[in-house]
Amino acid sequence: MPTARQALLDAALRALDDGPWRTVRMVDVATLAGVSRQTLYNEFGTKGGLAGALLRQAADGYLAGVDRALTAPAPDRPAAVALWTVRAARQDALVKALLTGHWVEGLPRPDRRPGSRGRTGGRPPPDPGELLALVRDRMAAVSPEATAGRCEIALRLALSCVIVPVPGDDATDSRALHLVREASREASRTAGTGQAGTGRADAVPPSREAGAGRVGLSGPSRTAGGRSPR
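For the sequence shown, our numbering assigns the number 18 to the initial residue and increments by one for each residue that follows.
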């Protein structure tokens with residue numbers, strides 16, 4: 018059974034599905050969670066505190082997926098993390114905003130003003146640079162053979178596929194995932210040789226795209242528009 022805090026976070030996400038964050042009322046969140054409004058204020062202090070908690074939860078969920086991706090075979094770990102990054106950002110608007118720093122209309126935003134920690138009841142969520150640094154640290158700790166350069170290439174390529182859609186991509190992101198996988202492997206092959214990537218990802222036959230989703234990680238269900246698919 019979820020705690021009152023988790024029930025409130027889940028209720029806030031459901032309320033966000035039904036409208037932009039500016040229209041979400043604390044009393045409605047408490048009602049959806051089946052708790053008193055006082056319980057909500059005891060847990061989060063303010064609506065800003067609730068927003069900060071939602072964003073920290075999204076960041077923690079993304080990092081938990083990174084940890085799962087790092088159970089892939091050693092040579093494929095940078096690619097596995099890159100694929101998870103594409104999927105998580107495509108499926109969850111909060112994760113995408115945390116990774117890219119682009120906050121679409123209707124989403125809760127972090128309060129990074131001086132002294133905001135006291136107003137929002139906790140640490141602010143990581144900014145994009147901090148979040149990617151946390152990912153690199155995890156990759157380096159679990160997979161020493163994955164050099165900093167390989168990790169950086171894999172992550173930046175993943176984010177480029179999130180920000181700029183890949184031509185010919187479909188609803189399953191198969192082409193974007195395929196390109197991330199192959200380009201990450203190319204980076205692995207050329208790492209330490211002083212050679213730049215050869216761009217061979219585009220030369221891989223399309224028939225191999227069917228394996229693009231084999232990392233097997235399930236992500237959050239929120240779409241880039243901030244709503245869950247119906």
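Quick reminder that beta carbons are idealized off the backbone N, C-alpha and C, glycines included. Keep in mind the model is a prediction, meaning the values are calculated, not measured.
Its Cα nearest to that of L124, the residue L71 stands out among V181, I180 and L71.
R73 carries a helical assignment under DSSP once its states are collapsed to helix, strand and coil. Contact between L33 and A47 does not hold, since their C-beta atoms are separated by about 15 Å, which reaches or exceeds 8 Å.
One alpha carbon belongs to L100, the other to R31, and they sit about 27 Å apart.
Contact check between the region 77-90 and the region 36-44: fewer than three CB pairs, one atom from each, fall below 8 Å, which does not count as touching. If you ignore the 5 residues before and after T102, its C-beta comes within less than 6 Å of the C-beta of A175, all in its own chain and listed in chain order. Distance between E199 and G69, taken at the CA atoms: about 36 Å. L49 places its beta carbon 7 Å or farther from that of A75. The continuous alpha helix (DSSP H) containing G146 extends over residues P145 to V159. Taking each of S53, V52 and V179 in turn and checking the Cα distance to H119, the smallest one comes out for V179. Under a 10 Å Cβ-count criterion, E122 is classified as exposed, with fewer than 16 other Cβ atoms of the shown protein chains found around its own Cβ. According to the DSSP assignment, P95 belongs to the alpha helix (DSSP H) that extends over R94 to Q108. Taken in chain order, the whole alpha helix (DSSP H) runs of length 4 or more contained in the region 22-82 are 43-50 and 54-61. DSSP, read as helix, strand or coil, puts T20 in coil.
Take E169, set aside five residues on each side of it, and the residues of its chain with a beta-carbon closer than 8 Å to its own are R153, in chain order. Straight-line measurement puts the Cα of R130 at about 39 Å from the Cα of L196. DSSP, read as helix, strand or coil, puts L174 in helix.
Burial state of S160 is buried, judged by a 10 Å Cβ sphere holding 16 or more other Cβ atoms.
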